[in-house]
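Each remark here refers to the structure printed beneath this line.
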Amino acid sequence: MDAYGNLTSVEEFFNNRVRFVSYLDPDVAMGYFPPDADTNGAHCARVHRLSAGNPNQTVWTSSPASPESFSLSPDWAQYLTWQCGAGGVLLTQPMADPGDGSLVFAPAFKVDFLQGDCWFALNDFDRDQVVDISESGTAEGNAIIAFPWNGGANQIWRAQAV
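Next up, the structure:
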């Protein structure tokens with residue numbers, strides 16, 4: 001972890017509460033939003049401007065899925081998935097504990113650090129897509145989508161421990 005509380009290794013993510021902040025703007029974070037017309041009843045990930053208040057809307061809990069990947073959850077009953085609603089917005093889905101001690105196999109995310117510091121791309125398990133701010137739009141509620149890596153600032157994140 002660096003002096004500002006940004007995670008700098010994959011190991012630091014496990015069982016940690018984090019806030020994903022975009023390279024586009026230090027006021028732009030990945031937020032957790034209620035269902036709307038684009039999500040068919042599912043919660044989703046959208047841009048949340050930290051200056052708009054409600055910082056808890058941007059806190060995600062990472063839990064280990066394997067040594068190289070993790071899942072994201074705003075609570076332990078919903079997980080961020082690679083499933084998309086209208087316009088490509090990433091959805092969260094309920095994945096309840098089966099109650100028999102079995103593991104919950106939540107969708108995996110992988111971090112690829114870019115320059116040896118705190119900035120990274122948040123990839124799917126096969127590294128086919130990354131978490132991307134749609135059209136680089138930083139307005140409150142803009143969709144966060146899955147998109148192939150192109151190196152744009154809208155695909156680069158840092159994670160703050162919270």
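Every letter in the sequence shown is one number past the one before it in UniProt numbering, and letter 64, counting from 1, is 64.
Glycine included, each C-beta is placed from N, C-alpha and C at the ideal position.
C-alpha gap between residue i and residue j, whole angstroms
i           : j           : result
residue 60  : residue 133 : 17 angstroms
residue 160 : residue 3   : 11 angstroms
residue 106 : residue 62  : 11 angstroms
residue 23  : residue 158 : 7 angstroms
residue 144 : residue 32  : 10 angstroms
residue 44  : residue 116 : 30 angstroms
Nearest residue (CA-CA) to residue i, options the options
i           : options     : result
residue 130 : 29, 30, 156 : 156
residue 138 : 152, 83, 25 : 25
Burial state of residue i, where buried means 16 or more other Cβ atoms lie within 10 Å
i          : result
residue 17 : exposed
residue 94 : exposed
residue 85 : buried
Beta-carbon proximity check, residue i vs residue j, cutoff 7 angstroms
i           : j           : result
residue 121 : residue 128 : no
residue 58  : residue 19  : yes
residue 30  : residue 12  : no
Neighbourhood of residue i by C-beta distance below 6 angstroms, restricted to the same chain and skipping five residues each side
i          : result
residue 10 : 111
7 angstroms CB neighbourhood of residue i in its chain, flanking five on each side removed
i           : result
residue 142 : 46, 47, 133, 134
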